[in-house]
Amino acid sequence: MNTSEFIAKSIENVVEKASYTWQTPSNIALVKYWGKSNPQIPKNASISFTLNNCHTITTIDFSKKEKSESVDFDLFFEGKQKAEFKPKIADFFKRIQEYCPYILDYTMTIHSQNSFPHSSGIASSASGLSAIAMCLMSLEKEINPNLAEEFINKKASFLARLGSGSASRSVEGPLVVWGTHPEIEGSSDLFGVKFPLKVHSIFKNYQDIILLVDKGEKQVSSTVGHNLMHNHPYAENRFFQANENLTKMATILQGGDIKEFINLVESEALTLHAMMLTSNPYFILMKPNTLKVIQKIWNYREENNSNICFTLDAGANVHVLFPEHEKEAVNEFVKNELAVYCQKNQYICDNVGLGAKEI
Ligand code: DP6
79 MNTSEFIAKS IENVVEKASY TWQTPSNIAL VKYWGKSNPQ IPKNASISFT
129 LNNCHTITTI DFSKKEKSES VDFDLFFEGK QKAEFKPKIA DFFKRIQEYC
179 PYILDYTMTI HSQNSFPHSS GIASSASGLS AIAMCLMSLE KEINPNLAEE
229 FINKKASFLA RLGSGSASRS VEGPLVVWGT HPEIEGSSDL FGVKFPLKVH
279 SIFKNYQDII LLVDKGEKQV SSTVGHNLMH NHPYAENRFF QANENLTKMA
329 TILQGGDIKE FINLVESEAL TLHAMMLTSN PYFILMKPNT LKVIQKIWNY
379 REENNSNICF TLDAGANVHV LFPEHEKEAV NEFVKNELAV YCQKNQYICD
429 NVGLGAKEI
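Residue numbers (the numbering used here): 79 to 437.
Below, the structure written as C-alpha cells:
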C-alpha cells in the first residue's frame with residue numbers, strides 16, 4: 079500500500095507560532111466497520127452519514143522549539159487538564175510522526191470541547207481525532223503553502239484513521255465511504271472519500287435523533303470489540319456481507335428506495351451487535367431500553383406508515399433516522415414516547431452535515 083504521498087515534504091516556510099481551531103463532526107455508519115488489521119486497515123468498506131450538531135471544537139497552539147525525540151503536548155478537555163486522555167493522543171502522535179515529522183519541532187497545547195454532553199455514550203473519538211488532524215494539516219499548509227485542498231482533506235482523513243478508524247469518515251460530508259470497494263471510485267483503506275454518486279433527494283438533510291439510553295462507560299471498548307473479530311466464527315462471512323451491503327446501499331442512495339434503506343440499515347445495526355453476541359468472550363452492549371425503543375420504532379412505523387428506522391453504534395444508544403419531511407411528527411413521537419427510555423429524558427436532535435469547518 080502506498081503511503082509515501084502522505085510524508086510531509088521539506089519545510090518551505092518557518093512558522094514560529096500558530097494557532098488553529100477546527101470544528102469536526104461525529105458520524106453514524108449505515109454499513110458498519112467492525113474488524114480491522116494493522117495499521118488501522120478495515121476488514122470491509124463502510125459508509126456513514128456525517129452529522130452536524132454532534133461535533134468537537136479543538137484549538138491547537140503551536141510554538142516552535144528545538145526538535146525533540148518525542149512529541150511534546152498538553153491536553154485540556156472542556157477547560158481542564160485531562161491526564162487520562164493523554165496516552166491515546168500520545169499513541170496517535172507516535173503513529174503519525176512518520177507522516178508529520180514537523181510535530182517534533184513544536185510544543186502543542188490542545189484545547190478540546192464537545193457539543194454533546196460529556197459521557198453521553200456518544201463516541202467522541204471520531205470527531206476528536208479528526209479535529210486534531212485538521213489542525214495539524216493547517217500547520218502543514220502554512221509550512222508548505224502549495225498543498226491543494228483536496229490533498230489536505232485526504233491526508234487529514236488518513237491521519238485521523240490512524241487514531242480511530244471511524245474518524246477517517248469525519249472530515250467531509252454528507253456521506254463518506256472508507257475502505258476499498260470496487261464500486262466506489264477512489265475508495266481506499268487508507269482514508270475516507272465522499273460518496274461519489276448522485277444521491278436521491280429523499281436522503282437530503284436526513285435527520286438523526288440520538289436517544290441517550292445509557293450514558294455509562296462501555297464495558298467493552300471498540301478496540302477490544304474489533305480485536306474479537308480475529309478468530310470469530312462468522313468474521314469472513316460478515317466482511318463479505320458488509321461489502322455486498324455497501325453495493326446495495328450505493329444503489330439505494332441513488333434510487334431512493336426508502337423501504338430497502340430501512341431494511342439494510344436496521345439489518346446492519348443488528349448484525350453488528352450479533353457479532354458482539356457471538357464473539358469469544360461474548361458481550362452485550364444493548365440495554366433493556368434499547369430493545370424497548372426498537373420495538374416502539376417498529377410499532378410507530380407500522381401504525382403511521384412512517385419511514386423512520388434505527389441504527390446502533392457500539393453502545394446502547396439508539397439513532398433514529400428519518401427523512402426531513404417527517405421531522406415534526408417524529409419529534410412529537412420521540413418527545414412523547416421515547417424520551418422516557420433515555421437517561422434523564424435526554425436526546426439530541428441532529429441532521430446530516432457537510433464536514434469539518436475552520437473557525
Ligand atoms: C461500531 O472507529 O471507534 O461505530 O478504529 O478502534 O478507534 P477504532 O474503532 P472505532 O469503531 C467504530 C465502530 C462502529 C461502526 C462504525 O462506525 O463503522
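Each residue gets a CB set at the ideal place from its N, CA and C atoms; glycine is no exception.
Residue side-chain check: THR301 places its Cβ nearer than 8 angstroms to a non-hydrogen atom of the ligand DP6. In this structure LYS276 is exposed. Its beta-carbon is surrounded by fewer than 16 other beta-carbon atoms within 10 angstroms. One Cα belongs to ILE262, the other to ILE106, and the distance between them is close to 19 angstroms. For the pair LEU108 and PRO120, the Cα-to-Cα distance works out to about 15 angstroms.
In the three-state scheme derived from DSSP, where H, G and I count as helix and E and B as strand, HIS278 is classed as coil.
Judged by DSSP secondary structure, ASN323 falls within the alpha helix (DSSP H) whose first and last residues are 313-333. For THR81, there is no enclosing beta strand (DSSP E), as DSSP marks it with neither H nor E.
The beta carbon of GLU156 lies closer than 8 angstroms to those of SER190, GLN191, ASN192 and HIS196 in the same chain, with the five residues before and after it left out.
A direct Cα-Cα distance of roughly 30 angstroms separates ARG239 from ILE336. The alpha-carbon of ALA347 is positioned some 12 angstroms away from that of ARG316. The nearest non-hydrogen atom of the ligand DP6 is less than 8 angstroms from the C-beta of LYS110. ASP391 has its CB nearer than 8 angstroms to a heavy atom of the ligand DP6. Each residue's CA atom was taken as its position, placing LYS435 and SER216 some 12 angstroms apart. The Cβ neighbour count for ILE362, taken over all protein chains shown within 10 Å, is under 16; the residue is labelled exposed. Under the DSSP definition of a beta bridge, LEU290 lacks any partner. Scanning its chain for C-beta atoms nearer than 8 angstroms, with the 5 sequence neighbours on each side dropped, one finds around LYS370 the residues TYR419, in chain order.
Rounded to whole angstroms, the separation of the alpha carbons of GLN319 and GLU176 is 34 angstroms. Under DSSP, VAL396 shares a beta bridge with LEU289 and LEU390.
Listed in chain order, the non-local C-beta contacts of ALA394 below 8 angstroms within the same chain comprise GLY199, VAL291, ASP292, LEU363, MET364, LYS365, ASN367 and THR368, local neighbours out to five positions each way being set aside. Per DSSP, reduced to three states, the secondary structure at GLY206 is helical.
Scanning the stretch 87-113 from its first residue to its last, the whole beta strand (DSSP E) runs of 3-plus residues come out as 95-109.
The continuous stretches of beta strand (DSSP E) do not include GLY257, and DSSP gives it neither H nor E. HIS310 has no beta-bridge partner at all, per DSSP. In the displayed model, PRO120 falls within a strand according to three-state DSSP. Beta-bridge partners of MET186 (DSSP): PHE140 and PHE151. Placement of the Cβ of ASN231 at a distance of 8 angstroms or more from every heavy atom of the ligand DP6 is found. In this structure the stretch 293-306 does not touch the stretch 397-409; the number of beta carbon pairs closer than 8 angstroms is below three. Counting of Cβ neighbours within 10 angstroms places GLU218 among the buried residues, the total reaching 16 or more.
In this chain, the beta strand (DSSP E) harbouring VAL271 covers 270-272.
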